[in-house]
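Working notes, structure below.
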Amino acid sequence: MSSQANQSACIPPLSFSSKATRTREQPINALIAQAMADPELINFAAGLVDSHTLPVDPCREMAQTILSDNVRGRAALQYETTIGLPELRRAALRHVEALDSKSATELGLTPADFVITNGSQQSLYIIGDVLVDPGDIVIAANPSYFVYTGTLQSLGAKVMTVPMDENGMDVEAVDRLLARIEREGKLDRVRFVYCTSYFDNPTGLTLSLDRRPRLLEIVKKYSKSHRILILEDAAYRELRYDGPALPSIKSFDPTNEFTAIACTFSKPFAPGIKTGYSAVPKDLMRAILDQKGNHDFGSSSLCQHIAMEAMRGGQYAEQVENLKAGYSKKLRTMLDSLDRCMPKADGLHWTHPTGGLYVWLTLPSSIDTSRQGMFAAAVEAGVLYVPGVYCFQPDDAGHVPTNHLRLCFGNVPAEKVEPGIEKLAQVVRNSLRGTGPSPVTSEEHGRGARATQSA
Ligand SMILES: Cc1ncc(COP(=O)(O)O)c(C=O)c1O
Numbered sequence: 000m001s002s003q004a005n006q007s008a009c010i011p012p013l014s015f016s017s018k019a020t021r022t023r024e025q026p027i028n029a030l031i032a033q034a035m036a037d038p039e040l041i042n043f044a045a046g047l048v049d050s051h052t053l054p055v056d057p058c059r060e061m062a063q064t065i066l067s068d069n070v071r072g073r074a075a076l077q078y079e080t081t082i083g084l085p086e087l088r089r090a091a092l093r094h095v096e097a098l099d100s101k102s103a104t105e106l107g108l109t110p111a112d113f114v115i116t117n118g119s120q121q122s123l124y125i126i127g128d129v130l131v132d133p134g135d136i137v138i139a140a141n142p143s144y145f146v147y148t149g150t151l152q153s154l155g156a157k158v159m160t161v162p163m164d165e166n167g168m169d170v171e172a173v174d175r176l177l178a179r180i181e182r183e184g185k186l187d188r189v190r191f192v193y194c195t196s197y198f199d200n201p202t203g204l205t206l207s208l209d210r211r212p213r214l215l216e217i218v219k220k221y222s223k224s225h226r227i228l229i230l231e232d233a234a235y236r237e238l239r240y241d242g243p244a245l246p247s248i249k250s251f252d253p254t255n256e257f258t259a260i261a262c263t264f265s266k267p268f269a270p271g272i273k274t275g276y277s278a279v280p281k282d283l284m285r286a287i288l289d290q291k292g293n294h295d296f297g298s299s300s301l302c303q304h305i306a307m308e309a310m311r312g313g314q315y316a317e318q319v320e321n322l323k324a325g326y327s328k329k330l331r332t333m334l335d336s337l338d339r340c341m342p343k344a345d346g347l348h349w350t351h352p353t354g355g356l357y358v359w360l361t362l363p364s365s366i367d368t369s370r371q372g373m374f375a376a377a378v379e380a381g382v383l384y385v386p387g388v389y390c391f392q393p394d395d396a397g398h399v400p401t402n403h404l405r406l407c408f409g410n411v412p413a414e415k416v417e418p419g420i421e422k423l424a425q426v427v428r429n430s431l432r433g434t435g436p437s438p439v440t441s442e443e444h445g446r447g448a449r450a451t452q453s454a
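All the letters of the sequence shown, read from the start, carry residue numbers 0 to 454 under our numbering.
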C-alpha cells in the first residue's frame with residue numbers, strides 16, 4: 000500500500016454539530032427522482048407551480064427596464080441592505096393594506112416592520128432560529144407543512160400538535176394544549192404557534208374567519224412570562240379561486256406584537272426570484288436582522304427590483320389573475336374527477352379547497368399509502384403522490400397515520416389531471432380489495448420529516 004493510501008485510511012471523520020446531526024434527509028426526494036425517470040408519470044407529488052404559466056416575457060421586459068437605466072441597473076447589481084429594498088417594503092405594506100382592507104395605521108405597521116427574505120422559507124427559518132432553543136415547544140397543526148416541521152426539528156424544537164378540521168387548525172385544541180402545558184409547568188418553553196392560514200399545505204384547508212381573532216386571544220391569554228407568537232404562513236393567500244377573501248390573523252393584531260406574517264412572491268408570481276416579505280413585531284425584527292446579517296446580509300438585489308417593478312407596473316397583479324384562472328380549472332377538474340372515479344367506501348374522502356395547490360385524501364385505515372403500501376402500486380400505474388405519513392408528527396406512542404395522501408395539481412398539465420385521478424382511483428380500488436396496513440415507526444417517519452426541493 001502506498002503511503003498516500005495509508006494516510007487516507009487514517010483520516011478521522013468530521014465532527015458534526017448537534018444541529019447537523021438533528022437535520023434529517025428527505026427520502027421523498029429520492030422517491031420522486033426515481034419515479035420521475037419515467038416521463039409518462041403523472042406527478043401529483045411535486046409541490047411545483049405551473050411551469051407553463053411562469054411570467055417569462057414580463058420578467059425579461061422588467062429586467063431590461065431595470066438594466067437599461069444605468070443608475071438603477073447599478074443599484075440592482077449592488078448589495079442591498081439586510082432588511083431589503085425600501086421601495087419594495089413600501090409596496091409590500093401597500094399590498095397587505097389592500098389585501099386586509101385596512102390602513103397601515105389600523106394594522107400597526109410601517110415599512111420598517113417588513114423584511115425581504117429569500118422566499119418566505121428563509122423568514123420562517125430565521126424566526127424559528129431566533130426564538131427556539133433545543134427543547135422549546137412550537138405548536139403546529141397535524142398534518143403540517145413538512146418542510147417547516149423538518150426545520151423545527153433541526154432547530155431542536157419539540158413540535159406539539161393539534162388536529163385540523165374543515166375550518167383549519169383547531170384553535171380550541173391549541174387552548175387546551177396550552178392549558179395542559181401550563182399545568183405541567185412548561186409554559187415558559189412555548190415559543191410560537193405555527194399556522195398556515197390560507198389553503199394549507201398539505202390539506203388545502205383555510206382557517207375560518209372566527210378562528211383568526213380567537214387564536215390571537217388564546218396566545219395572549221398564555222403570554223405570561225413572555226409573549227407567545229403566532230407565526231402566520233400566508234404562502235398561498237392570493238391563490239384564491241372561490242369563497243370570501245379572509246383577513247389575515249395579523250390584521251387582528253393592531254399593535255403588531257403577537258403575530259408575524261410570512262408572505263412570498265413564489266406562489267403568486269415566480270419561485271425563481273425566491274423573494275418573500277414578512278411583517279413582524281419590532282423586537283423580533285431586530286433579532287431577525289442580526290441573524291440575516293449572518294446568513295447573507297441581504298437578499299438578491301436584482302430579484303427585489305424585479306419584484307418591485309412587477310408590483311408597481313401591474314405585472315404581478317396580472318400574473319395572479321392568470322394563475323388563478325389556470326389553477327381554478329385544474330382544481331375543479333381534480334375534484335370532479337375524484338367524485339367521478341374514486342370508489343365509494345367508508346372512510347374515503349378528500350378536502351374541497353377553494354384555493355392553493357393541494358387536495359388531501361383520507362383513505363380507509365386499512366390502506367397504507369406509504370412506500371411499504373400503495374405507493375409502489377401507484378408508481379407502477381404511472382401516478383405519483385406524497386404519502387401523508389411525511390406530513391404528520393408522531394403521536395406519543397411514536398405512530399403516524401398511514402392512510403392519507405397529498406395531491407398537488409400545480410405543475411400537472413390540465414389534460415393530465417383527469418387521467419391521473421383515474422389511475423389513482425384504480426390503485427385505490429385494488430388496495431381496497433387487497434392488503435392491510437403496515438405500521439410506520441417514528442424512526443422511519445423521522446427520515447421523511449424534512450424538506451424536498453419541490454415541497
Ligand atoms: C406552506 C408553505 N410555506 C412556505 C413555503 C416556502 O416557499 P418560498 O420560500 O418559495 O416562499 C412553501 C413552499 O412550498 C409552502 O408550501
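Heads up, the beta-carbon is just placed ideally off N, CA and C, and yes, glycines get one too.
Where residue i sits in the DSSP three-state scheme
{"i": "T434", "result": "Unreliable positioning characterises T434 in this predicted model, as indicated by a pLDDT of 49, which lies under 50. The coordinate reading is nonetheless provided below. Here T434 sits in coil by DSSP."}
{"i": "T274", "result": "coil"}
{"i": "C340", "result": "helix"}
{"i": "F251", "result": "helix"}
{"i": "P386", "result": "strand"}
{"i": "H51", "result": "helix"}
{"i": "H225", "result": "coil"}
{"i": "R23", "result": "coil"}
{"i": "K185", "result": "coil"}
{"i": "G242", "result": "coil"}
{"i": "G107", "result": "coil"}
{"i": "N28", "result": "helix"}
{"i": "I366", "result": "coil"}
{"i": "N404", "result": "A quick correction: the sequence has Leu, not Asn, at residue 404. DSSP places L404 in strand when its eight states are reduced to three."}
{"i": "H94", "result": "helix"}
{"i": "L360", "result": "strand"}
{"i": "G409", "result": "coil"}
{"i": "G167", "result": "strand"}
{"i": "S102", "result": "coil"}
{"i": "A375", "result": "helix"}
{"i": "K219", "result": "helix"}
{"i": "C9", "result": "coil"}
{"i": "V427", "result": "helix"}
{"i": "L176", "result": "helix"}
{"i": "G419", "result": "helix"}
{"i": "L57", "result": "The sequence shown places Pro at residue 57, not Leu. Helix at P57."}
{"i": "S16", "result": "coil"}
{"i": "D199", "result": "coil"}
{"i": "E414", "result": "helix"}
{"i": "R480", "result": "With the chain covering 0 to 454 only, the question about residue 480 has no answer from this structure."}
{"i": "S334", "result": "Checking the sequence, you will find Leu at residue 334 rather than Ser. Looking at L334 - three-state DSSP - the assignment turns out to be helix."}
According to DSSP, residues forming a beta bridge with residue i
{"i": "R211", "result": "Answer is none; R211 lacks a bridge partner."}
{"i": "E231", "result": "C194 and I260"}
{"i": "I41", "result": "V382"}
{"i": "S348", "result": "Sequence inspection shows His at residue 348; the Ser mentioned does not correspond to that position. In DSSP, H348 forms a bridge with T361."}
{"i": "G355", "result": "In the DSSP output, where bridge partners are listed per residue, G355 has none listed."}
Residue j beta carbon less than 7 Å from that of residue i
{"i": "V189", "j": "I136", "result": "yes"}
{"i": "I41", "j": "K343", "result": "no"}
{"i": "R405", "j": "W349", "result": "no"}
{"i": "F251", "j": "R211", "result": "yes"}
{"i": "G387", "j": "K422", "result": "no"}
{"i": "M307", "j": "E86", "result": "yes"}
{"i": "S506", "j": "R21", "result": "Lying before the first or after the last residue shown, residue 506 is absent from the chain, which here runs from 0 to 454."}
{"i": "K219", "j": "E231", "result": "no"}
{"i": "M341", "j": "A424", "result": "yes"}
{"i": "V158", "j": "T150", "result": "no"}
{"i": "N410", "j": "L76", "result": "no"}
{"i": "P54", "j": "Q303", "result": "no"}
{"i": "T116", "j": "G292", "result": "no"}
{"i": "P133", "j": "G155", "result": "yes"}
{"i": "G83", "j": "V131", "result": "no"}
{"i": "S369", "j": "T401", "result": "yes"}
{"i": "P110", "j": "L92", "result": "yes"}
{"i": "L522", "j": "M163", "result": "The chain is shown from 0 up to 454; residue 522 falls before or after that span and cannot be answered."}
Review point. Along the chain, which unbroken stretches of the beta strand (DSSP E) at least 3 residues long are found entirely within the stretch 265-331?
Key: Entirely contained in the stretch 265-331, the beta strand (DSSP E) runs reaching 3 residues are, in chain order, 275-278.
Review point. Are the stretch 393-402 and the stretch 297-312 touching, with three or more C-beta to C-beta distances below 8 Å?
Key: With the cut-off at 8 Å, the stretch 393-402 and the stretch 297-312 do not touch.
Exercise for review: Would you check if the stretch 52-72 and the stretch 276-288 touch, i.e. whether three or more CB-CB distances between them fall below 8 Å?
Suggested key: With the cut-off at 8 Å, the stretch 276-288 and the stretch 52-72 do not touch.
**Study point:** Three-pair Cβ contact test at 8 Å for the stretch 232-246 versus the stretch 354-369
**Key:** Because the criterion of three Cβ pairs below 8 Å is met, the stretch 232-246 and the stretch 354-369 touch.
Check your understanding: Three or more beta-carbon pairs under 8 Å between the stretch 138-145 and the stretch 184-202, yes or no?
Key -> Verdict: yes, contact present.
Point to revise | Any alpha helix (DSSP H) of 4 or more consecutive residues that is wholly inside the stretch 61-86 | key: Counting only runs of 4 or more, we get 69-76.
Review point. What are the uninterrupted segments assigned as beta strand (DSSP E) that are 3 or more residues long and contained completely in the stretch 112-163, given in chain order?
Key: Listed in chain order, the complete beta strand (DSSP E) runs (minimum 3 residues) inside the stretch 112-163 are 113-116 and 136-141.
Practice item. Flag this pair as touching only if the stretch 123-130 and the stretch 285-300 have three or more C-beta atom pairs under 8 Å; answer yes or no. Key: At 8 Å Cβ cutoff, the stretches touch.
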